[in-house]
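Protein sequences, first through last, are from chains A and B. Just so we're aligned: the first sequence equals residues 1 to 203 in my numbering. Just so we're aligned: the second sequence equals residues 204 to 406 in my numbering. All C-beta atoms in this analysis are idealised placements derived from N, C-alpha and C, irrespective of residue type, glycine included. Keep in mind that this is a model prediction, so the values were computed, not measured. For reference, the structure is listed below as structure tokens.
Number of protein chains: 2
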Amino acid sequence: MDPRVERTRSAVMRAATDLVVEGGPGALTMDAVVLRSRVAKTTIYRHWKSRDDLLATVIEASVPRLPEPEPDADVETSLRVVMRYSVNSLRDTEWSRLLPAFIMLSRHEAEIRAINERMDWQHNRVLAELVQRAAAEGIVESGIDVDEAIAHLQGPLMIAFLAGLMPIDDRIADSIVDRFLAAFGPSAAAKPRTPAAGPGGDA
Amino acid sequence: MDPRVERTRSAVMRAATDLVVEGGPGALTMDAVVLRSRVAKTTIYRHWKSRDDLLATVIEASVPRLPEPEPDADVETSLRVVMRYSVNSLRDTEWSRLLPAFIMLSRHEAEIRAINERMDWQHNRVLAELVQRAAAEGIVESGIDVDEAIAHLQGPLMIAFLAGLMPIDDRIADSIVDRFLAAFGPSAAAKPRTPAAGPGGDA
DNA sequence: GTCGAACGCTACGCTACCGTAGCGTATCGT
DNA sequence: ACGATACGCTACGGTAGCGTAGCGTTCGAC
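Dropping the structure here:
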């Protein structure tokens, strides 16, 4: 491939990504990209058809893809590996600052929503497979609701990130898995006592 | 108070809120508000000093505040009440569509961030109190990490909402509390087996 | 009824941003 | 070397949005 093209694309992507990371999607203006990347505006428009197109490319390039677990590996270990990978995605300064914008734009921009759906689909597939294998091996309850399980794996991490409740590190990944196994383990007490009624004394 | 002021403020707020709900923060333009509210632009600027000010007011007005649990009520019941309240906040069409924008704007707009911090503070206070009471009553483990507990209460709900994994209803609120109690209950198996090592056989 | 406050209207000035035209220059592949 | 392709530059045209000026009108309070 023509090295000029390669150079231009990477310079623009670098500048555009930094702009969004630093100032949010609103900071991604073509003029700002021109200044920062030192690439002429006309040249940029030879590679991306619009500003929105460029924004979509920036996000797409930063979206993490969960690693596919090795089929013959221990399920619990695989789960921990995947969760640690998620944690590291959120530790990545680029993705961590892109994610909030990504969440919002997915609501109103069709292009970004499509990226979101592809990501969700991949993540859910990986996690669903692990949850089902865990159920088959008796590590978690057999009739487990896969979506619910996924929510309990991803949710605490996401909220810890968004709210800044706790440090995002391997420790949190492991503790989430621990809690997950405790909550969904086959010996998880007498499961649902859904009708709101306290177990013991009230005072 | 002058009813003209009351009328103007509510008409503008209604229009502005609808605009953000329908099209995101970018759709909140003064001209659009003028058209929809039938209030003159000059009048709007007599009540809000800028467009950003109006946006902040819109968000502030929609942010849910968790109910303060009654001190003499059963802890588990209170927890369920609070979680159901959170669920209903997300069922509210206004807040559910404002939340993503809120998440993003909190990163780059100081005004919105301040609102976010006030909300987090109130939510965390309510939940922390309940978690601590639960610990004191022996419903959950005694040395419980309050922030971790909060993450496990709010996280699954948040991710279910953001990803659209499951229907947002009272059922999910209750099941989250169930899972929480199972994961953090005093008899929650042999707690952390943090070093990644499977319990039984691997294959 | 009268006075003051709130409101409405038109018309701006200003800025930021998008995306393009036209034409000359530099660089790559062969 | 040399043709093709990519790139750079300047200068725009057009739009959208913010916030204000100035002045007349209406409405509420008393």
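Secondary structure of D53(A) (DSSP, three-state): helix. Boundaries for A40(A): no alpha helix (DSSP H) harbours it, and the DSSP string shows neither H nor E there. Sixteen is the threshold: since fewer than 16 other Cβ atoms of the shown chains lie within 10 Å of the Cβ of D53(A), the residue is exposed. From the beta-carbon of Q122(A), no residue of chain B is found nearer than 7 Å; the closest lies around 12 Å away. Linking A331(B) to D350(B) through their CA atoms gives a straight-line distance of about 8 Å. Closest in alpha carbon position to W251(B), among R241(B), M233(B), I315(B), is M233(B). Under the 8 Å criterion on CB atoms, E70(A) is classed as non-interfacial with respect to chain B. The residue from A110(A), F102(A), D74(A), V81(A) with its alpha-carbon nearest to that of A135(A) is D74(A). Taking the C-beta atoms as reference points, A363(B) is found no nearer than 8 Å to I353(B). Legend: CB atoms of the stretch 364–384 of chain B lying less than 7 Å from CB atoms of chain A belong to residues L365, A366, L368, M369, D377, S378, D381, R382. Across the stretch 103–116 of chain A, CB contacts with chain B closer than 7 Å involve I103, M104, R107, H108, in sequence order along the chain. For the stretch 224–242 of chain B, the beta-carbon criterion of a distance under 7 Å to any beta-carbon of chain A is satisfied by G226, G227.
When C-beta atoms of the stretch 21–37 of chain A are compared with those of the stretch 54–68 of chain A, three or more pairs fall below 8 Å, so the two segments count as touching. At a cut-off of 8 Å, the C-beta of G143(A) has no neighbouring C-beta in chain B. Contact between the stretch 273–287 of chain B and the stretch 322–336 of chain B is present: three or more C-beta pairs spanning the two stretches fall below 8 Å. Around the CB of A219(B), 16 or more other CB atoms lie within 10 Å, so the residue is classed as buried. Secondary structure at T29(A): coil, using DSSP grouped into helix, strand and coil. Taking 8 Å as the threshold, the shortest C-beta distance from E148(A) to chain B falls below it. If you ignore the 5 residues before and after V82(A), its C-beta comes within less than 8 Å of the C-beta of L66, P67, P69, V126, L127, L130, all in its own chain and listed in chain order.
Comparing C-alpha distances from T8(A) to each of R107(A), A163(A), R46(A) shows the shortest one belongs to R46(A). In the three-state reduction of the DSSP assignment, P67(A) falls in the coil class, being assigned neither a helical nor a strand state. I150(A): member of the alpha helix (DSSP H) spanning 146–163, first to last residue. By the neighbour-count criterion, in which a residue is buried when 16 or more other Cβ atoms sit within 10 angstroms of its Cβ, D2(A) is exposed. One finds I306, M307, R310 in chain B with Cβ atoms closer than 7 Å to the Cβ of P100(A), taken in chain order. Looking at I262(B), S289(B), G346(B), G358(B), the one whose alpha-carbon comes closest to that of E312(B) is I262(B). Burial state of E225(B) is exposed, judged by a 10 Å Cβ sphere holding fewer than 16 other Cβ atoms. In the displayed model, I103(A) falls within a helix according to three-state DSSP.
Nearest CB-CB separation between M286(B) and chain A: not below the 8 Å threshold. Residue range 206–226 is occupied by the alpha helix (DSSP H) that includes P206(B). For P186(A), the closest Cβ of chain B is not nearer than 8 Å.
Here the C-alpha atom of R316(B) lies approximately 18 Å from the C-alpha atom of M166(A). Distances from the alpha-carbon of R171(A) to those of A61(A), L35(A), V34(A), S86(A) put S86(A) closest. Residue environment analysis places E279(B) among the buried positions, since at least 16 neighbouring C-beta atoms fall within 10 angstroms of its C-beta.
When the alpha-carbon of T43(A) is set against those of G24(A), A61(A), S10(A), V63(A), the nearest one is in S10(A).
Chain-order list of chain B residues neighbouring A151(A): P359, I362, A363, L368, M369, by C-beta distance under 7 Å.
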